[in-house]
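Under the numbering used here, the first residue of the sequence shown is numbered 7, with each subsequent residue one higher. Ideal placement from N, C-alpha and C gives every residue a C-beta, glycine not left out. Keep in mind it's a predicted model, so treat the numbers as computed, not measured. For reference, the structure discussed in these notes is given below.
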Amino acid sequence: MNERFIELALDAGLLNYVDHETPRHYFIHGYAEQEDVEKFAELIVRECMEWCDAHATIDGTAQQIRDDIKKHFGVE
């Protein structure tokens with residue numbers, strides 16, 4: 007799994023791991039709460055918006071895409 011997805015899934019509470027294992031072996035909780043799944047999705051959407059901000063263009067294309075993503079997913 008992509009390292010950034012792992013970080014976001016950990017932040018959202020979807021993944022866990024055993025501290026003493028090297029390398030870490032991640033596992034998905036047996037049951038994911040809806041709010042955890044929503045948080046994970048929101049973190050991915052925010053990551054996409056931040057990418058657009060970091061790659062702003064003179065013609066405003068990246069900014070427009072960011073605004074479209076924000077509107078489409080209803081993220082503040």
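Of the listed residues the options, nearest to residue i (C-alpha basis)
{"i": "Ala18", "options": "Glu56, Ile50 and Gln70", "result": "Ile50"}
{"i": "Ala47", "options": "Ala15, Asn8, Glu82 and Glu9", "result": "Ala15"}
{"i": "Gly80", "options": "Glu56, Ala38 and Arg52", "result": "Arg52"}
{"i": "Ile75", "options": "Lys45, Phe11, Asp65 and Cys58", "result": "Cys58"}
Residue i vs residue j beta-carbon contact at 8 Å
{"i": "Phe33", "j": "Leu20", "result": "no"}
{"i": "Gly61", "j": "Ala68", "result": "This sequence places His at residue 61; Gly is not what is there. Going by C-beta atoms, His61 is nearer than 8 Å to Ala68."}
{"i": "Tyr37", "j": "His31", "result": "no"}
Buried or exposed (CB count within 10 angstroms, at least 16 for buried), residue i
{"i": "Arg72", "result": "buried"}
Minimum length 3: unbroken beta strand (DSSP E) runs contained in the region 16-43:
21-23 and 32-34
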